[in-house]
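Undergrad: Can you keep this structure in mind? I'll have questions shortly.
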Amino acid sequence: MAYSDADDLNEVWGTGNVTAWATLADGDSAGTIAARKTRSITMADAMIDAVARTAGYRIPMQTIEGGTTPTLVNNLSAVLAGVWMYEAFGAKDFDPKSGAPYHRLTFRKMESEKLLDAIRVGQLDIDAVRGN
């Protein structure tokens with residue numbers, strides 16, 4: 079069960095951005111672009127699951143009431159998937175002061191990583207089932 083889908087990616091990042099980031103070569107088919115979107119979600123969800131497992135949550139993460147994906151987890155999946163696609167796209171942005179690689183999505187990536195760290199150490203409790 080994926081925590082987000084292509085509609086979530088489009089909502090968070092914009093359809094034009096998502097399509098551009100998922101298109102790595104001129105002439106990519108719609109199927110190839112869709113496969114890259116799916117792959118980015120799979121990678122994001124794997125990161126989330128690794129943290130959730132460490133924090134004692136049941137995988138896949140589902141709300142205690144209703145068995146749906148927790149809202150925060152859905153958003154984390156879409157944000158991380160978008161960042162993954164953007165980085166795979168080969169964005170070449172640099173910090174203007176240091177010249178170090180630093181792209182325009184770095185803040186969103188760092189924000190998501192901080193949330194994952196807070197979940198990992200128990201500072202942020204997700205409305206999700208715990209245990210095996």
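Here the working numbering is used: the sequence shown runs in plain steps of one and ends on residue 210. Note that beta-carbon positions come from the ideal geometry of N, C-alpha and C, so glycine has one too. Model, not experiment: these values are computed from the prediction.
1) When burial is assigned at 16 or more other CB atoms within 10 Å of the CB, is D86 buried or exposed?
2) Determine the DSSP secondary structure at Y135, reduced to helix, strand or coil.
3) Which residue marks the beginning of the alpha helix (DSSP H) containing T149, and which one marks its end?
4) Taking the straight line between their C-alpha atoms, what separation do you get for T147 and G177?
5) Pull up the DSSP beta-bridge partners for R208, would you.
6) Please list, in chain order, all residues of the same chain as N88 whose beta carbon is under 7 Å from its beta carbon, the five residues on each side excluded.
7) Is the number of C-beta pairs between the segment 111-118 and the segment 161-175 that are closer than 8 Å three or more?
8) Between W162 and Q140, what straight-line distance do the alpha-carbon atoms span, to the nearest angstrom?
9) Nearest to D203 by alpha carbon, out of G109, Y81, T132?
10) So, is G160 buried or exposed, given that buried needs 16 or more other C-beta atoms within 10 angstroms?
11) Whose CA, out of M125, D83, I142, M121, lies closest to the CA of R198?
TA: Checking against the coordinates, here is how it stands:
1) Under this definition D86 is a buried residue.
2) For Y135, the secondary structure class from DSSP, reduced to helix, strand or coil, is strand.
3) Per DSSP, the continuous alpha helix (DSSP H) segment holding T149 begins and ends at 149-167.
4) Spanning the alpha carbons of T147 and G177 requires a straight line of approximately 39 Å.
5) Beta-bridge pairing links R208 to Y135.
6) Here the set comprises V96.
7) Three or more pairs of CB atoms, one per stretch, sit closer than 8 Å, so the segment 111-118 contacts the segment 161-175.
8) Each residue's alpha carbon lies about 23 Å from the other.
9) Comparing Cα-Cα distances from D203 to each of G109, Y81, T132, the minimum goes to T132.
10) Buried, by the Cβ-count rule.
11) Nearest option by C-alpha distance: M125.
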